[in-house]
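>
Residue numbers (the numbering used here): 3 to 58.
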């Protein structure tokens, strides 16, 4: 199961710098997670100030 980033994302980028497999990139207004690369570690969810990354 991978994580996804909800519309609550404020595009701060905190999640991207914490991802050990670099599967988070800046999208159109929010960051996005490549589900095929995500290893479900939860680092993104742990550092997000608005709890935007959630388990999918």
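We put the beta carbon where it would ideally sit given N, CA and C, even for glycine. Note that the coordinates shown come from a computational prediction; the quantities given were computed from them, not determined experimentally.
Taking the alpha-carbon positions, what's the residue 48 to residue 29 distance?
Residue mapping note: residue 48 aligns to position 46 of the chain shown, counting from 1. Residue mapping note: residue 29 aligns to position 27 of the chain shown, counting from 1. One C-alpha to the other measures close to 20 Å.
> In three-state DSSP terms, what is residue 20?
The sequence position of residue 20 within the chain shown is 18, counting from 1. Helix, per DSSP.
> For residue 41, does the count of other Cβ atoms within 10 angstroms reach 16, so buried, or fall short, so exposed?
The sequence position of residue 41 within the chain shown is 39, counting from 1. Answer is exposed; the Cβ neighbour count stays below 16.
> Quick one, which of 9, 12, 10, 58 has its alpha-carbon nearest residue 37's?
Here residue 37 refers to the residue found at position 35 when the chain shown is read from its first residue. Nearest option by C-alpha distance: 58.
> What runs of the beta strand (DSSP E), each 3 residues or longer, lie entirely inside the segment 7-58?
Within the segment 7-58, the complete beta strand (DSSP E) segments of 3 residues or longer fall at 26-28, 33-35, 55-57, listed in chain order.
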